[in-house]
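Chemist: For the protein sequence lines, the chains are E and P, in the order given. Oh and the first sequence: position 77 is 77 in my numbering, straight run, nothing missing. In my numbering, each residue's number is its place in the second sequence (first place is 1) plus 1000.
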Amino acid sequence: MFAVRSGLQKFKIPYHFEIKSIIQYYAQWIREGKLKVSADWNKDIKAKFTVQDPCQLVRKSFGDPVAEDLRFVVKAVVGEENFVDMTPNRSNNYCCGGGGGYLQSGFAEARRAYGKLKFDQIKATRAAYCITPCHNCHAQIHDLSDHFAGGYHTVHLWTLICLAMGVLGENERTYLGPELAAVGL
Amino acid sequence: MTTEPIVLAKKRPGIFKDKVMEVLPEGGNLNSCLTCGACASGCPASGLEGMDPRKFLRLASLGMDEQILGSNWVWLCSMCQRCNWVCPMKIDIPQLVYHARRTWPRDKRPKGIRGSCDMALKHDTCSAMGASEEDWRFVVEDMADEVRQSQPGFEEIQVPIDKKGAMFFLNQNSREPVTEPDEMVPLWKILHAAGADWTYGSKGWAAENYCMFLADDPAWEQIVRTKVKAVEDLGCKVWLNTE
């Protein structure tokens, strides 16, 4: 998204549409009651979640308001008491080290050294799950958990929204841990 | 640490930093550094290759171009912009890094990023994993059929491609259709539940853009123009990013 937004400016390309993130609509649709989500599934399980603020979405695009939308959605689907924020966060968050072409660049050792800061930040929350609403973040944070034996899971936001709507299918649970693998089936 | 003083050449015409200043708004404030180190202290790339954002800028200011342009560090900075976010003078160090990447001959830039950019240029889909329009349509329609047949409550779910006048033009990272198509389904269910008027495009749907990371301006521009055309040809009002 950042590549399009900044490319439009840089190359002075005219366009006649708005550019939005689906995170903004997730929040809007939950507020409007169109997405009927409930965190009841996590009442007794009490699985703890943290969330990664993607640089390209937050700091580089829509700023803190979209970080608030993201938190609103996350709390609505996992339960407010089961959400633990990283420090620092929102526009001040650390990059995970998956962006900028890092994952493709071949500098794997440097990429993991870079990501150690993010890894420590996630571990400090003691959350069992890190929600990553960006693909580069997902791939990097997943790899950091494997490489440094973090033991946390890395999940997409859409997985949890569907879990909280009771419609998550059997084949859509690749990134959930064993304790959540059968919830709502 | 060196104990020898560094002696700078007296005449330093056309140093790299000055050339970058000419093309950045406000010159990227590249002459405004207070040397406070707020950038370096919060940069995850500090220390890699013995470099950090402050040092990179100081070397640039001193005209020590060889040390910054030849350093792999330009590829170890993710251009996440945290340094200029915290900078009291709003110095655009990420753009300095971007322009340093541009000075590398294209065939010397990291092969993986180059390959992803080149792949995206092959089809109007802009897919860095090389998915063609036919591949894309097949995977989406196949997956949608499977959902309609196997998931109760979603017998009527629609997954449109090239629906003219839809409100949302949804993009999708290539990773899903190419390696894990089941991961597209939760997204479709959410859009279905919200009653959203949306469509994918057969062209320009891929969310990724490695040509920017490669610092290949013409290729980056081509990708953006292809995506813009795809949205405008369908007359969609909102270009909706899945992330």
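We put the CB at the ideal spot given by N, CA and C, even for glycine. Just so you know, these numbers come straight off a predicted model, no measurement behind them.
Is Q1081(P) helix, strand or coil by DSSP?
Modeler: Within the second sequence, the letter at position 81 stands for residue 1081(P). Q1081(P): coil per DSSP, three-state reduction.
Chemist: Using CA coordinates, which residue listed in P178(E), T159(E), D40(E) and A181(E) is at the minimum distance from I131(E)?
Modeler: Counted from its first residue, the first sequence places residue 131(E) at position 131. Cα-wise, what sits closest to I131(E) is T159(E).
Chemist: At 9 Å on the CB atoms, spell out the chain E contacts of E1232(P), in chain order.
Modeler: On the second sequence, position 232 is the one that residue 1232(P) refers to. Here the neighbours are Y15, H16 and F17.
Chemist: Excluding the five sequence neighbours on either side, which residues of its own chain have a C-beta within less than 7 Å of the C-beta of H138(E), listed in chain order?
Modeler: The residue labelled residue 138(E) in the question sits at position 138 within the first sequence. Same-chain partners within the cutoff: T132, T154 and H156.
Chemist: With distances taken Cα to Cα, identify the nearest neighbour of V1178(P) among G1063(P), T1199(P), R1137(P) and I1068(P).
Modeler: Working through the second sequence from its first residue, we reach residue 1178(P) at position 178. Comparing Cα-Cα distances from V1178(P) to each of G1063(P), T1199(P), R1137(P) and I1068(P), the minimum goes to R1137(P).
Chemist: Kindly list, in the order they appear in chain P, the residues whose Cβ is closer than 7 Å to that of Y102(E).
Modeler: For this step, residue 102(E) is matched to residue 102 along the first sequence. Per Cβ cutoff of 7 Å: S1078.
Chemist: Any idea if N1209(P) is buried or exposed, counting beta-carbon neighbours within 10 angstroms, 16 or more meaning buried?
Modeler: Translated into positions along the second sequence, residue 1209(P) becomes position 209. With 16 or more Cβ atoms within 10 Å of its Cβ, N1209(P) is classed as buried.
Chemist: Using only CA atoms, which one of L103(E), R126(E), V66(E) and E109(E) lies nearest to T87(E)?
Modeler: In the first sequence, the residue the question calls residue 87(E) occupies position 87. If we check each option's Cα against that of T87(E), R126(E) comes out closest.
Chemist: Give me the chain E residues within the contact set of F1213(P), using Cβ-Cβ distance strictly less than 7 Å, ordered along the chain.
Modeler: Residue numbering aside, residue 1213(P) sits at position 213 when the second sequence is read from its first letter. What F1213(P) touches in chain E: G100 and G101.
Chemist: Can you pull the chain E residues whose beta carbon is under 7 Å from the beta carbon of C1236(P), in chain order?
Modeler: For the purposes of this step, residue 1236(P) is taken as residue 236 along the second sequence, with counting starting at 1. Neighbours of C1236(P) on chain E, chain order: F17.
Chemist: According to the neighbour-count rule (16 or more other Cβ atoms, all chains shown, within 10 Å of its Cβ), is T1199(P) buried or exposed?
Modeler: On the second sequence, residue 1199(P) is found 199 positions in, with the first residue counted as 1. With 16 or more Cβ atoms within 10 Å of its Cβ, T1199(P) is classed as buried.
Chemist: With distances taken from CA atoms, which of S21(E), S6(E) and F11(E) is nearest N1171(P)?
Modeler: Residue 1171(P) sits at position 171 when you count from the first residue of the second sequence. Closest by alpha carbon: S21(E).
Chemist: Do D1092(P) and L1048(P) count as a contact pair if the criterion is CB distance below 8 Å?
Modeler: Position 48 of the second sequence holds residue 1048(P). Position 92 of the second sequence holds residue 1092(P). Cβ distance not < 8 Å, so L1048(P) and D1092(P) don't count as in contact.
Chemist: Where L144(E) and G150(E) are concerned, what is the direct C-alpha to C-alpha distance, given to the nearest angstrom?
Modeler: As a working note, residue 144(E) is residue 144 in the first sequence. As a working note, residue 150(E) is residue 150 in the first sequence. When rounded, the distance between both Cα atoms is 7 Å.
Chemist: Name the chain C residues that come within less than 7 Å of A113(E), Cβ to Cβ?
Modeler: Here chain C cannot be found, since the structure's protein chains are E and P.
Chemist: In terms of residues, what are the limits of the beta strand (DSSP E) holding T1125(P)?
Modeler: Within the second sequence, the letter at position 125 stands for residue 1125(P). Per DSSP, T1125(P) belongs to no beta strand (DSSP E) and is neither H nor E.
Chemist: Please return the same chain residues whose Cβ sits closer than 8 Å to the Cβ of I23(E), not counting the five positions on each side in sequence.
Modeler: As a position in the first sequence, residue 23(E) is number 23, starting the count at 1. Result list for I23(E): L57, V66, D69, L70, V73, P133 and L157, in chain order.
Chemist: Cα-Cα, which of V1147(P), G1165(P) and A1166(P) is closest to L168(E)?
Modeler: In the first sequence, counting from the first residue as 1, residue 168(E) sits at position 168. Here the closest residue by C-alpha is V1147(P).
Chemist: Which of helix, strand or coil does DSSP assign to Q28(E)?
Modeler: For the purposes of this step, residue 28(E) is taken as the residue at position 28 of the first sequence. Looking at Q28(E) - three-state DSSP - the assignment turns out to be helix.
Chemist: Taking Cβ-Cβ distances shorter than 9 Å, what residues in chain E pair up with P1044(P)?
Modeler: Reading the second sequence from its first residue, position 44 is the one you call residue 1044(P). Result: Y94, C95, C96, G97, A113, Y114, G115, K116, L117 and K118.
Chemist: Buried or exposed for D1216(P), going by 16 or more other Cβ atoms inside 10 Å?
Modeler: Translated into positions along the second sequence, residue 1216(P) becomes position 216. Its Cβ being crowded by 16 or more others within 10 Å, D1216(P) is buried.
Chemist: Under the rule that 16 or more other beta-carbon atoms within 10 Å means buried, what is R1101(P), buried or exposed?
Modeler: For the purposes of this step, residue 1101(P) is taken as residue 101 along the second sequence, with counting starting at 1. So R1101(P) ends up on the buried side.
Chemist: Flag this pair as yes or no: are the beta carbons of F107(E) and W1104(P) separated by less than 8 Å?
Modeler: Translated into the one-based positions of the first sequence, residue 107(E) becomes position 107. Translated into the one-based positions of the second sequence, residue 1104(P) becomes position 104. Their beta carbons are not under 8 Å apart, which means F107(E) does not touch W1104(P) by this criterion.
Chemist: Identify which residue in I141(E), H135(E), A128(E) and D146(E) has its Cα closest to the Cα of L180(E).
Modeler: Working through the first sequence from its first residue, we reach residue 180(E) at position 180. For the residues I141(E), H135(E), A128(E) and D146(E), the minimum Cα distance to L180(E) belongs to A128(E).
Chemist: Touch check for the region 1078-1091 of chain P and the region 1035-1046 of chain P: three-plus C-beta pairs under 8 Å?
Modeler: Yes, the region 1078-1091 of chain P is in contact with the region 1035-1046 of chain P.
Chemist: Can you give the Cα-Cα distance for E1243(P) and A1144(P), rounded to whole angstroms?
Modeler: Numbered from 1 along the second sequence, position 243 holds the residue referred to as residue 1243(P). Numbered from 1 along the second sequence, position 144 holds the residue referred to as residue 1144(P). So the two alpha carbons sit approximately 21 Å from each other.
Chemist: What are the boundary residues of the beta strand (DSSP E) that includes E18(E)?
Modeler: Counting from one through the first sequence, the residue named residue 18(E) turns up at place 18. Counting along the chain, the beta strand (DSSP E) containing E18(E) begins and ends at E18 to S21.
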